[in-house]
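Only one structure is covered here, and it is reproduced in the block below.
Dropping the structure here:
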């Protein structure tokens, strides 16, 4: 019988994995058998997650983790990280998770050029850098996956997050266009739109106005924990998603439906 969710023998690169959703995804991929390069702009945070993975152990002998400091806005650093991740897979990089992100909520009149630009640099240009650096290492045997992290903000807009919403909407277009290009190489490209209680959402969750607006939009009336959304990444990385590409999967308690 086909083992749909077994990632043994595959390698993964996860950006922004020093905490929150990225850390949970790196741990979930390793638990499914993948060898994972945990990256974050904080090398120390990435190293702690990798150590946690190695201490816990994974599904198979190939399940291990390494770490690297990675500023996704730095193309040279992205190239180095992709090569390091590929070395974990004997030259192949099977799974790329573009999760690195920043948020700077503010009502539109208070947004600045700097907060708008840095949001694009990390979310959009960062995804561009990492994916382009990874592409030469991604196999064309049907196991290659690029998983981009977007948001409900990119699908429907969010109060006080014009910069973030615009960047996340850009990633949706990025995902769909790249999926069409890479379909000819048998590489699947999809996006996830998760919602979880993480350090990146703390500003929203602790702002009375923003928090009330968000909670009114979530039918389940709660924020997920990071590990609750990590399984969806394993799904898209696995053989269970071998005929899925160019899609956006919301994992948000029903906010987008």
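Residue numbers (our numbering): 326 to 582. Cβ coordinates follow ideal geometry from the N, Cα and C atoms, glycine included.
> Can the beta-carbon of residue 521 be found closer than 7 Å to that of residue 346?
Replying inline: One thing to note: residue 521 has its Cβ within 7 Å of the Cβ of residue 346.
> Quick one, which of 406, 424, 343 and 413 has its alpha-carbon nearest residue 375's?
Replying inline: Here the closest residue by C-alpha is 343.
> In its own chain, which residues sit with a C-beta less than 7 Å from the C-beta of residue 488, not counting the 5 before and 5 after it?
Replying inline: These residues qualify, in order along the chain: 429, 436, 440, 441 and 444.
> How would you call residue 480, buried or exposed, if buried means at least 16 neighbouring beta carbons within 10 angstroms?
Replying inline: Answer is buried; the Cβ neighbour count reaches 16.
> By a C-beta neighbour count over all protein chains shown, 10 Å radius and 16 as the cutoff for buried, is residue 329 buried or exposed?
Replying inline: With fewer than 16 other Cβ atoms within 10 Å, it is exposed.
> What is the residue span of the beta strand (DSSP E) that residue 583 lies within?
Replying inline: Examination of residue 583 is not possible in this model, given that the chain is present from 326 through 582 alone.
> To the nearest whole angstrom, what separates the beta carbons of residue 519 and residue 554, a pair I think is in contact under 8 Å?
Replying inline: About 4 Å; that satisfies the 8 Å criterion.
> Should residue 396 be labelled buried (16 or more other beta-carbon atoms within 10 Å of its own) or exposed?
Replying inline: Residue environment for residue 396: buried (at least 16 other C-beta atoms within 10 angstroms of its C-beta).
> Taking residue 381 as the reference, which of 364, 392, 352 and 366 has the closest Cα?
Replying inline: Taking each of 364, 392, 352 and 366 in turn and checking the Cα distance to residue 381, the smallest one comes out for 352.
> Is DSSP giving residue 567 helix, strand or coil here?
Replying inline: Here residue 567 sits in coil by DSSP.
> With distances taken between CB atoms, is the gap from residue 403 to residue 454 smaller than 7 Å?
Replying inline: Yes, the pair counts as a contact, with Cβ atoms nearer than the cut-off.
> For residue 451, which residues of its own chain have a beta-carbon under 6 Å away from its beta-carbon, when the five flanking residues on both sides are left out?
Replying inline: Within the same chain, residue 451 has close Cβ partners 397, 398 and 425.
> What is the residue span of the beta strand (DSSP E) that residue 392 lies within?
Replying inline: Where residue 392 is concerned, the enclosing beta strand (DSSP E) starts and stops at 390-394.
>> Taking 6 Å as the limit between beta carbons, can you name the residues of its chain near residue 572, skipping five residues before and five after?
In response: Excluding the 5 residues flanking it on each side, residue 572 has same chain C-beta neighbours closer than 6 Å at 515, in chain order.
> For residue 473, which of helix, strand or coil comes out of DSSP?
Replying inline: Strand at residue 473.
> Cα separation between residue 477 and residue 574?
Replying inline: Going by the C-alpha atoms only, they are around 10 Å apart.
>> So, at 7 Å on beta carbons, what are the nonlocal neighbours of residue 525 in its own chain, with the 5 sequence-adjacent residues on each side left out?
In response: Here the set comprises 345, 426 and 428.
> Okay, do the region 455-471 and the region 503-512 touch, 3+ Cβ pairs below 8 Å being the bar?
Replying inline: A contact exists between the region 455-471 and the region 503-512.
>> Looking only at its chain, what residues have a beta carbon closer than 8 Å to the beta carbon of residue 561, apart from the 5 residues adjacent to it on each side?
In response: Non-local beta-carbon contacts of residue 561 in its own chain, meaning distances under 8 Å to residues more than five positions away in sequence, involve 470, 472, 513, 515, 517, 569 and 574 in chain order.
> Rounded to whole angstroms, how far is the Cβ of residue 418 from the Cβ of residue 336, which I believe are closer than 8 Å?
Replying inline: Rounded, the Cβ-Cβ distance is 6 Å, consistent with contact.
> Between residue 546 and residue 540, what straight-line distance do the alpha-carbon atoms span, to the nearest angstrom?
Replying inline: If I take the Cα positions, the gap works out to 6 Å.
> Mapping DSSP to helix, strand and coil, what is residue 515?
Replying inline: DSSP places residue 515 in strand when its eight states are reduced to three.
>> One question on the structure: do residue 422 and residue 339 come within less than 7 Å of each other, judged by their Cβ atoms?
In response: Yes, these two residues count as a Cβ contact at 7 Å.
> Are the CB atoms of residue 496 and residue 475 nearer to each other than 7 Å?
Replying inline: Against a cut-off of 7 Å, the Cβ pair of residue 475 and residue 496 comes out as a contact.
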